[in-house]
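Engineer: Numbering follows our numbering, in which position 40 of the sequence shown is assigned residue number 488; successive positions increment by one, without gaps.
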Amino acid sequence: MFTLVQQRIVGEKHLKLVVEKHGEVFDGIAFNVDIQSWPNEHAKQIHIAYRLDVNEFRGKRTVQLMVENITVA
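1. Do residue 513 and residue 476 have their beta-carbon atoms positioned less than 8 Å apart in this structure?
2. At which residue ranges does the stretch 482 to 515 contain complete beta strand (DSSP E) runs of 3 or more residues, listed in the order of the chain?
3. How big is the Cα-Cα spacing for residue 597 and residue 466?
4. On the DSSP bridge assignment, give the partners of residue 474 in chain order.
5. Count the other C-beta atoms from every protein chain shown that fall within 10 angstroms of the C-beta of residue 505, then say buried if there are 16 or more, exposed otherwise.
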């Protein structure tokens, strides 16, 4: 279970996330989400299934979670 720190739609229907677990903060992205359900202002704790990926932006490499499934805990 992750704590949902931040969420917003990018593009037309992709959910950009910032999540926290055990004091570590991670960026995540979920493609083609149901925009009727997300972003969800009531979601504080979430369960996610994800793949690890490396995001490279302006020469900086960071871990990114590629979210395959997301549900409110």
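For glycine and all other residues, C-beta sits at the position ideal for the given N, C-alpha and C.
This one's a predicted model, so the numbers in the text were calculated from it and none came from an experiment.
Structural biologist: Let me lay it out:
1. yes
2. 493 to 505
3. Absent from the structure is residue 597, since the part of the chain shown begins at 449 and ends at 521.
4. 467
5. exposed
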